[in-house]
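Residue 6 is where the sequence shown starts when you use the working numbering, and the numbers rise one by one after that. Positions of the beta carbon are idealized from the N, C-alpha and C atoms, including for glycine. Structure first, commentary second.
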Amino acid sequence: MAKFALIGSGLAGGLLAAYLGRRGHEVDLYERRADPREGNIVGGRSINLAISTRGIHALEQIGIAKEALRHAIPMRGRMIHDRSGALHFTPYDVDPQKCINSIGRAALNTTVIQAAQRYPNVRVYFDHRCTGVDLDTPVAHLETANRTVTATADAVVGVDGAFSAVRKSMQGEIANFQYDESYLAHGYKELMIPPAPDGSWRMEKNALHIWPRKSFMMIALPNPDGSFTCTLFWEFEGPRSFATTKTDDDVRRFFEEEFPDAVPLMPTLLEDFRDNPTGSLVTIRCAPWFYRDKVCLVGDAAHAVVPFYGQGMNAAFEDCIVLDECLQDSPQDRERAFAEYFHRRKENADALADLAIGNFIEMRDKTASRAFRAKKKLDHLLEGLLPGVYLPLYTMVTFTRMPYATAAKRARFQNGIVYSSLVGVGILVFLLLIGLFRVIAG
Ligand SMILES: Cc1cc2nc3c(=O)[nH]c(=O)nc-3n(C[C@H](O)[C@H](O)[C@H](O)COP(=O)(O)OP(=O)(O)OC[C@H]3O[C@@H](n4cnc5c(N)ncnc54)[C@H](O)[C@@H]3O)c2cc1C
């Protein structure tokens, strides 16, 4: 059995430690933050997330799905809020049982860390910040409040998120390391809708709420305490943007114009807007994700994506399963296991990155339109008529474990057939009408 030093005990770090611990490996898990069980949440990040089939499967495989999902809230579809406050509900799937689930980040993080700590061969060190890794040894350098620590292991795994220190060391030391980061022109800010006085939810609880406004949008996910966490995705710069909306009056005016039905539900809007940070939205692609049998990247450290498909964590959890399988398949050859893991995941991570950007445009712009709702109805109709043959893209991504790249390819193929059939039907109707006209005319 090998000894692993994992850097980062976020969502994927905790879960991976549990998987490796179960296999009997020695695992030292280092996290720069304090213990989340002491009330420290991963600040500046989303308070809740949507977990779906892939993420749930990864939790099931280690036996913690029930525990993790105890307080999760099923969301059965999108609830669209138009400017007049009218609501339109579009289910995610023909099968009403298929839903995504709103889950608290801090509670989930605690659950995966506790799952890892059930194995005596897993040790967790909080308040340890990694400053870099010597790849060849491999050695991770860490800092605590009052000393520096050197962690040696057979392999170091960077599970330290989008701004990974481990990846930075790989960039510095591996010749031809490919790296690309791209930021959206939009940032995000979290705001709050508190519970009603009786503790109930002030909007439909079992839905993901969207206020699509073409170039920007707000969404809201329910929390178990009756509140909703809203996230405004808006341009950083421009005539109407985070940059130009400075005073309380600016904020109030913008919200009253754009989200009039939400404003009465947001008593702390002005304080939230002022006090909460504005986050940026980054896509990171890099290659390779490993260095010999010494270093490997997992989760956002390898492939951060923008959050619009609700799949970043789900994909990071899938990484954990695949890495575990690859290590199992090549117990004597860790480099081969890392290479196989990279080979199986890279194409899918790239496909997800593209899907996530595409879904931003769909959510903020298209969900408001009748054409979008009609397309969803057509998708559901075809799915019902051709079960197992026709699967909408959203269903493949969210409710199956089909590789993301396969789902994307299959959706393009299906769309091609649907659009050519519609064009064919249109031409046929046109020809029939001409024929009919000729018969009538003479
Ligand atoms: C606004 C927003 C909404 C999102 N919504 C969803 C959603 O609905 N569904 C979904 O599936 N995904 C969602 N995501 C994506 C999801 O948050 C990430 O994909 C997921 O957190 C990745 O997990 P991770 O463990 O790889 O990284 P992280 O969760 O970022 O964890 C990294 C950990 O490493 C630690 N760390 C960082 N640097 C160091 C260091 N130098 N030394 C030691 N420790 C370090 C951090 O403190 C952290 O604990 C969302 C993201 C955002 C920004």
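Measure the C-alpha to C-alpha separation of residue i and residue j and round it to an integer number of angstroms.
i	j	result
Pro265	Ser89	7 Å
Glu31	Tyr97	42 Å
Leu398	Val444	44 Å
Val47	Lys8	Confidence at Val47 is low in this model, with a pLDDT of 49, below 50, so its placement is unreliable and no value can be given for it.
Ile61	Glu240	33 Å
Gly13	Val311	20 Å
Glu65	Ile326	11 Å
Arg37	Tyr124	21 Å
Val154	Tyr130	11 Å
Val287	Leu147	26 Å
Ala160	Thr149	21 Å
Ala156	Asn126	16 Å
Ala358	Ala145	29 Å
Ala342	Gln419	34 Å
Ala111	Gly431	52 Å
Met175	Tyr296	8 Å
Ser220	Tyr188	16 Å
Phe94	Gly204	24 Å
Ser169	Asp329	21 Å
Tell me, please, which residues DSSP counts as bridged to residue i.
i	result
Val1	Residue 1 lies beyond the range of the chain shown here (6 to 447); nothing can be said about it.
Asp139	Val144
Ala292	Gln183
Asn450	Outside the shown range of the chain (6 to 447) lies residue 450, about which nothing can therefore be said.
Val154	Leu147
Glu240	His191
Phe313	Paired residue(s): none; Phe313 is not in a bridge.
Ser335	DSSP lists no partner for Ser335.
Tyr225	For the sequence presented, residue 225 should be read as Ala rather than Tyr. The partner list for Ala225 (beta bridge, DSSP) reads His214, Cys235.
Gly389	According to DSSP, which records beta bridges pairwise, Gly389 is partnered with nothing at all.
Phe94	Met84
Name the two residues that bound the continuous beta strand (DSSP E) containing residue i.
i	result
Asp185	183-198
Glu148	144-148
Gly163	160-163
Val300	300-302
Got a sec: does ligand 1 put a non-hydrogen atom nearer than 8 Å to the Cβ of residue i?
i	result
Gly82	no
Asn319	yes
Arg134	yes
Phe168	yes
Val402	no
Pro227	no
Tyr35	yes
Tyr193	yes
Leu286	yes
Ala22	no
Asp359	no
Residue range of the alpha helix (DSSP H) that residue i falls in?
i	result
Thr403	398-404
Thr411	409-446
Phe259	253-263
Check whether the Cβ of residue i sits closer than 8 Å to any heavy atom of ligand 3, and report yes or no.
i	result
Glu65	This structure simply doesn't include ligand 3; it includes ligand 1 instead.
Going by C-alpha distance, which of the options is nearest residue i?
i	options	result
Thr273	Met197, Gly82, Asn211, Val287	Met197
Arg59	Asp40, Glu178, Tyr314	Tyr314
Leu16	Ala73, Ser174, Ala201	Ala73
Asp253	Asp277, Pro244, Trp294, Ala55	Asp277
Arg134	Lys299, Ala379, Gly166	Gly166
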